[in-house]
Amino acid sequence: MAVDQAIREQIAADLWQAEVTAVAIDRPTDAHPDVDVVDAYEIALINIRKRLDAGAKVAGHKVGLASEAMQKMMNVDEPDYGHLLDEMQYFESTPIDRSKLCYPRVEVEVGFILGADLPGEGCTNEDVIEAVEWVVPSIELIDSRIKDWKITLCDTIADNASSCGWILGEQRVPISAIDTGDIDATIHRNGEVVAKGNSSAVLGHPLNAVSWLARKVAGFGVRLRKGDVILPGTATRAIDIDAGDHFVAEFAGLGSVTLDFY
1 MAVDQAIREQ IAADLWQAEV TAVAIDRPTD AHPDVDVVDA YEIALINIRK
51 RLDAGAKVAG HKVGLASEAM QKMMNVDEPD YGHLLDEMQY FESTPIDRSK
101 LCYPRVEVEV GFILGADLPG EGCTNEDVIE AVEWVVPSIE LIDSRIKDWK
151 ITLCDTIADN ASSCGWILGE QRVPISAIDT GDIDATIHRN GEVVAKGNSS
201 AVLGHPLNAV SWLARKVAGF GVRLRKGDVI LPGTATRAID IDAGDHFVAE
251 FAGLGSVTLD FY
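The opening position of the sequence shown corresponds to residue 1 in the UniProt record's numbering, with each subsequent residue numbered one higher.
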């Protein structure tokens with residue numbers, strides 16, 4: 001390991017406190033520049049296990065920074081990845097308290113629900129197509145517990161890929177009925193179009209992100225399981241949130257999903 005376990009535990013504790021209090025911290029890699037990607041994911045897993053021990057359940061996984069737009073926005077050169085827990089799920093009919101978050105942003109994503117487990121090592125796009133039961137319209141709510149989103153790749157991975165919550169629309173489309181590599185997405189904030197994109201922006205095809213994720217996390221003993229929600233990354237830039245905002249994300253052939261803040 002690049003840093004010892006005591007440092008991993010301390011960074012995890014600092015990130016935990018930042019999330020609980022909605023008071024962001026300085027980026028961990030400034031104080032600990034030797035933190036590498038393996039350290040970072042192990043730091044994230046410390047806090048995931050803490051939440052699981054308290055009763056949360058794994059509901060799925062996410063890929064972040066999967067588009068060129070997002071990598072440029074955050075100044076990184078590869079995706080990040082994290083867990084989605086059941087307690088992180090929000091619902092279209094329930095507004096979210098903006099004051100409990102640090103720097104929240106909305107991302108529109110073509111989501112997947114697995115109907116079978118995915119292999120880890122060697123997972124292919126064909127494996128993903130066979131395993132996906134439904135394609136769904138989704139929004140990921142991201143938030144950085146690190147000041148002003150000034151992050152490196154290792155900082156965001158340690159922070160559970162800056163994940164905060166996830167919301168699914170009602171529609172369910174079989175993967176055989178839609179070209180997931182060519183879905184136009186539009187996000188409206190308070191009635192105004194603020195971003196447009198196409199699912200092809202997600203590592204060239206969202207399926208590439210899912211198979212990459214399955215292979216990536218296998219080395220940490222993590223598998224993508226039947227029933228998991230998989231968010232492969234956003235097709236547009238992330239949108240900042242203010243109290244009172246109303247978002248509608250629309251996906252060609254896939255329906256829509258809404259989200260409100262107060």
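A virtual CB, placed ideally from N, CA and C, is assigned to each residue, including glycine.
- Note that the segment 147–161 does not touch the segment 245–257; fewer than 3 beta-carbon pairs, one per stretch, sit closer than 8 Å.
- Sixteen is the threshold: when 16 or more other Cβ atoms of the shown chains lie within 10 Å of the Cβ of N160, as they do, the residue is buried.
- Where C154 is concerned, the enclosing alpha helix (DSSP H) starts and stops at L153 to A158.
- Given a length threshold of 4 residues, each whole run of the alpha helix (DSSP H) inside the segment 173–239 is given here in chain order: 206–218.
- Rounded to whole angstroms, the gap between the alpha carbons of V229 and D26 is 31 Å.
- Setting aside the 5 residues that flank it on each side, L15 is surrounded in the same chain by R145 and D159, each with a C-beta closer than 6 Å to its C-beta; the list follows chain order.
- Comparing alpha-carbon positions, the option among H188, S211 and E133 lying closest to G120 turns out to be S211.
- In the same chain as N198, and ignoring 5 residues on each side of it, the C-beta atoms closer than 8 Å to its own belong to D182, I183, D184, A185 and A235, in chain order.
- A24 places its beta carbon 8 Å or farther from that of R105.
- For L84, the enclosing beta strand (DSSP E) stretches over residues D80 to L85.
- In this structure, the CA atom of I11 is about 35 Å from the CA atom of V136.
- Counted as a single uninterrupted DSSP element, the stretch harbouring T258 is not any alpha helix (DSSP H) but the beta strand (DSSP E) occupying residues G255 to D260.
- By the Cβ rule, the segment 29–41 does not count as touching the segment 168–178, because fewer than three pairs are nearer than 8 Å.
- Close CB contacts of P206 within its chain, under the 6 Å cut and outside five residues either way in sequence, are with V110, T180, S199 and P232 (chain order).
- Selection A249, T21 and I7 evaluated against E42 yields I7 as nearest (Cα-Cα).
- K196 sits exposed, since fewer than 16 C-beta atoms from the chains shown fall within 10 Å of its C-beta.
- The C-alpha of G122 lies about 15 Å from the C-alpha of F220.
- For A54 and A13, the gap between their C-alpha atoms comes out near 15 Å.
- Our two residues, D39 and G191, have alpha carbons roughly 42 Å apart in a direct line.
- Its Cα nearest to that of A116, the residue W134 stands out among W134, C102, L65 and V108.
- Contact check for R225 against L114 passes: the beta carbons are separated by less than 8 Å.
- For V76, the secondary structure class from DSSP, reduced to helix, strand or coil, is coil.
- Straight across, the Cα-Cα distance linking E9 with I178 is about 44 Å.
- Listed in chain order, the beta strand (DSSP E) runs fully inside the segment 69–149 are 80–85, 105–114 and 132–142, counting runs of at least 3 residues.
- For the 8 Å CB-CB criterion, K62 and L45 do not form a contact.
- Note that the C-beta distance between D86 and A131 is not below 8 Å.
- Closest in alpha carbon position to K100, among E250, F247, A249 and D242, is D242.
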